[in-house]
Amino acid sequence: SDYQEASQDMWRHRTEPLKLHILKKKAVPSRYDNLPSYLSNVLPEPRSATAKSSSRHERASQRVEDASEAFLRKDRISSLKDLQKKLDRTCIPRGIVEVEQDGELLFISIEKDKEKDMISFWQSMNLWKSAYAHMASKSLLRKFHP
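Going by my numbering, the sequence shown opens with residue 3, and the numbers climb by one from there.
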């Protein structure tokens, strides 16, 4: 209420309510006792903490953070099976052979010549490293093979 309804003086024997309500300091009256109720505006309830712009900003920031974590969780590769499942094979040309061996995924291209077959390139993928080698002969293959 905007009005002081009880006495504030030092004399403690005066306990009955004031007959004339006194407007509190720095208060703007919004309820007039002698007017009909439809002329007195009811004060709106103060905004809750969740309705403030800082709270909305924090919630929006948290939603972005959660979406970012979900995206990174979905993109995480934890096993060779995950790597095989998530690998995009649409741009791998024909003639490339995919081999799973010793916990690695190998992509090998073999050139067939009249005299001999030769590995033209290979790519080895595992969870920790990815190696690429372009081969011109088998001696280079032995040099680059781990």
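Note that the Cβ used here is the ideal one computed from N, Cα and C, for glycine as well.
- With fewer than 16 neighbouring CB atoms inside 10 Å of its own CB, residue 80 falls in the exposed class.
- Judged by DSSP secondary structure, residue 90 falls outside any beta strand (DSSP E); it is assigned neither H nor E.
- Around the beta carbon of residue 56, fewer than 16 other beta carbons sit within 10 angstroms, so the residue counts as exposed.
- Looking at 113, 115, 98, the one whose alpha-carbon comes closest to that of residue 107 is 98.
- For residue 76, no beta strand (DSSP E) run applies; the uninterrupted alpha helix (DSSP H) run containing it begins and ends at 55-77, by DSSP.
- Using a 10 angstroms sphere on the CB of residue 126, the tally of other CB atoms reaches 16 or more, which defines it as buried.
- Cα atoms of residue 91 and residue 78: separation of roughly 18 angstroms, rounded to the nearest angstrom.
- If you draw a straight line from the Cα of residue 54 to the Cα of residue 24, it comes to about 33 angstroms.
- Residue 119: member of the beta strand (DSSP E) spanning 119-127, first to last residue.
- Distance from the CA of residue 62 to the CA of residue 48, rounded to the nearest whole angstrom, comes to 23 angstroms.
- Listed in chain order, the non-local C-beta contacts of residue 82 below 8 angstroms within the same chain comprise 102, 105, 106, 107, 128, 129, local neighbours out to five positions each way being set aside.
- Rounded to whole angstroms, residue 50 and residue 59 show a C-alpha spacing of 15 angstroms.
- Looking at the backbone, the Cα of residue 76 and that of residue 46 are separated by about 46 angstroms.
- Membership of residue 99 in the beta strand (DSSP E) is indicated by the continuous run 98-103.
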